Amino acid sequence: MKVKKILVSQPQPESGKSPYYDIADRYGVEVVLRPFIKVEGLSAKEFRQSKIAINDFTAIIFTARTAIDHFFRLCEEMRVTIPDTMKYFCTTESIALYLQKYIVYRKRKIFHGETGKLEGLLPALIKHKKEKFLWVVSDVHKEDSGLLDKNGISYTKAVMYRTVSNDFGPDEPFDYDMLVFFSPSGIESLKKNFPDFTQGDIKIACFGPTTAQAAKAAGLRLDIEAPSPSAPSMTGALENYLKAETQAS
Numbered sequence: 511m512k513v514k515k516i517l518v519s520q521p522q523p524e525s526g527k528s529p530y531y532d533i534a535d536r537y538g539v540e541v542v543l544r545p546f547i548k549v550e551g552l553s554a555k556e557f558r559q560s561k562i563a564i565n566d567f568t569a570i571i572f573t574a575r576t577a578i579d580h581f582f583r584l585c586e587e588m589r590v591t592i593p594d595t596m597k598y599f600c601t602t603e604s605i606a607l608y609l610q611k612y613i614v615y616r617k618r619k620i621f622h623g624e625t626g627k628l629e630g631l632l633p634a635l636i637k638h639k640k641e642k643f644l645w646v647v648s649d650v651h652k653e654d655s656g657l658l659d660k661n662g663i664s665y666t667k668a669v670m671y672r673t674v675s676n677d678f679g680p681d682e683p684f685d686y687d688m689l690v691f692f693s694p695s696g697i698e699s700l701k702k703n704f705p706d707f708t709q710g711d712i713k714i715a716c717f718g719p720t721t722a723q724a725a726k727a728a729g730l731r732l733d734i735e736a737p738s739p740s741a742p743s744m745t746g747a748l749e750n751y752l753k754a755e756t757q758a759s
């Protein structure tokens with residue numbers, strides 16, 4: 511069966527441009543960008559149930575820009591004033607720069623890693639280990655806190671947002687020849703939305719080993735896996751697949 515319509519489980523870009531649209535033009539397929547999951551913030555009432563007082567902390571750890579948005583949103587909703595002495599530790603420079611949306615950027619109180627992982631931020635955390643850290647996370651965060659425990663970092667995890675299924679409406683067509691997933695949560699959402707889903711000829715593409723593992727555990731057949739030596743990105747893997755399909759037809 512020739513692939514004609516592909517669902518890529520990512521949000522539509524605000525710019526209206528995407529490498530997936532370029533692939534659609536090149537191979538004459540329809541690509542729909544529509545996430546299976548979405549992020550929603552906890553309400554102030556829900557967060558208060560955690561009994562975490564934000565002003566008890568002297569430093570914040572951010573591993574995503576989404577975490578920054580929900581942290582400052584909750585502070586505003588709960589009328590929490592963040593002192594100028596608060597320090598911020600971010601896993602990448604781009605996350606650190608995003609803080610400019612909410613605060614005056616001062617290098618003396620903002621620190622970032624280079625690798626995008628918590629271990630890359632560890633030297634800065636150890637240097638300031640006298641601080642009391644609040645680590646803003648989602649309900650399904652993947653970061654391992656063992657590194658902080660091993661190095662005597664005083665921290666508290668604060669769940670401020672969660673990943674939920676982005677449900678399909680009853681009148682929303684589901685007539686795709688290929689589904690592209692980027693997280694285990696997307697696989698879970700597929701099964702929630704369509705408990706009687708039968709794969710048949712529908713192609714399944716997954717990015718990352720944990721997503722692939724979740725797909726296999728759900729009884730799905732994997733047709734495309736990325737990253738791979740020949741395709742480090744999902745767009746590259748998808749292009750390789752469509753190119754081979756075009757040459758075979």
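612 is the number that this note's numbering gives to position 102 of the sequence shown; each next residue is one higher, with no gaps. Yeah, the Cβ is synthetic: ideal placement off N, Cα and C, and Gly gets one too. All of these numbers come straight from a predicted model, not from anything done at the bench.
Proximity below 8 Å, CB of residue i to CB of residue j
{"i": "F567", "j": "V646", "result": "no"}
{"i": "A668", "j": "S560", "result": "yes"}
{"i": "T748", "j": "A715", "result": "Contrary to the premise, residue 748 reads as Leu rather than Thr in this sequence. Yes, the pair counts as a contact, with Cβ atoms nearer than the cut-off."}
{"i": "T666", "j": "I562", "result": "yes"}
{"i": "Y671", "j": "T576", "result": "yes"}
Residue i in three-state terms, based on DSSP
{"i": "M744", "result": "helix"}
{"i": "F582", "result": "helix"}
{"i": "K667", "result": "strand"}
{"i": "T756", "result": "helix"}
{"i": "L730", "result": "coil"}
{"i": "I533", "result": "helix"}
{"i": "A724", "result": "helix"}
{"i": "S738", "result": "strand"}
{"i": "S695", "result": "helix"}
With 16 other Cβ atoms within 10 Å as the buried cut-off, status of residue i
{"i": "A606", "result": "buried"}
{"i": "I479", "result": "Missing from the structure shown is residue 479; the chain here goes from 511 to 759 and no further."}
{"i": "M588", "result": "exposed"}
{"i": "P545", "result": "buried"}
{"i": "I636", "result": "exposed"}
Counterpart residues of residue i in DSSP-defined beta bridges
{"i": "V518", "result": "L543, V690"}
{"i": "S675", "result": "I547"}
{"i": "H622", "result": "C600"}
{"i": "F643", "result": "A569, Y665"}
{"i": "E524", "result": "Looking at the DSSP assignment, E524 forms no beta bridge with any residue, so it has no partner."}
{"i": "S560", "result": "Per DSSP, none; premise fails for S560."}
Residue i - containing alpha helix (DSSP H), residue span
{"i": "L607", "result": "603–608"}
{"i": "I636", "result": "628–637"}
Minimum Cβ-Cβ distance from residue i to chain B less than 8 Å
{"i": "A554", "result": "Looking for chain B here will not work: only one protein chain is present."}
Delimiting residues of the beta strand (DSSP E) encompassing residue i
{"i": "F717", "result": "713–717"}
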